[in-house]
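Structure first, commentary second.
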């Protein structure tokens, strides 16, 4: 089965790559999860849009990663207000990587992909300060404290 990847798939390829996979893997895993689309003439045109979107979000080399790190770590007081929290400070829901990426952008920082945000214990489930890591490059990791506040 010939497919075009729409997202990064480990040991297979990057978005926009045309790959040949076994029918079951494509039909039962890649297509239902939205990780790939069937390779047709019309889909080939979509590949250009996928690649352009990925390039806009991607970190372009070590120097660019260092610039982003300085920009993120230079922001004072990145905070996120959550609506649902109990009296003890425990959240009814949780703060996800997408929420953190949105908080960075709202604080005046650069746009970061939610997939490179590393949270403590996968999700933040309490108010207070939490150390968050952003893996910008294999050699560059930005660290900052996210202040989760009940609203």
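Numbering (my numbering), first residue to last: 36 to 186.
The C-beta atom is built at its ideal place from N, Cα and C for all residues, glycine as well.
For this session: Whole angstroms is fine: what's the gap from residue 134's alpha carbon to residue 115's?
Result: 8 angstroms
For this session: Tell me whether residue 103 is buried or exposed, calling it buried when 16 or more other Cβ atoms sit within 10 Å of its Cβ.
Result: buried
Problem set entry | Beta-bridge partners of residue 179, as assigned by DSSP | Note: residue 179 sits in a beta bridge opposite 167.
Exercise. DSSP on residue 110, reduced to helix/strand/coil?
Worked result: coil
Exercise. Secondary structure at residue 126, three-state DSSP: helix, strand or coil?
Worked result: DSSP places residue 126 in the strand class (E or B) of the three-state scheme.
Exercise. Hey, residue 117 and residue 185 are a contact pair by Cβ (cut 8 angstroms); roughly how many whole angstroms apart?
Worked result: 6 angstroms
Exercise. What's the C-alpha gap between residue 156 and residue 67?
Worked result: Pairing residue 156 with residue 67, the inter-Cα distance amounts to about 28 angstroms.
Problem set entry | When 98, 99 and 70 are compared against residue 85, the one with the closest alpha-carbon | 70
Problem set entry | For residue 72: DSSP bridge partner residues | 39
Exercise. Over what stretch of residues does the beta strand (DSSP E) that includes residue 159 continue unbroken?
Worked result: 159 to 161
For this session: With DSSP collapsed to three states, give me the class of residue 103.
Result: helix
For this session: Would you identify the three-state DSSP class for residue 184, choosing helix, strand or coil?
Result: Residue 184: strand per DSSP, three-state reduction.
Exercise. Quick one, are the C-beta atoms of residue 74 and residue 126 less than 8 angstroms apart?
Worked result: no
Exercise. Can you tell me where the alpha helix (DSSP H) with residue 135 in it begins and where it stops?
Worked result: Where residue 135 is concerned, the enclosing alpha helix (DSSP H) stretches over 132 to 141.
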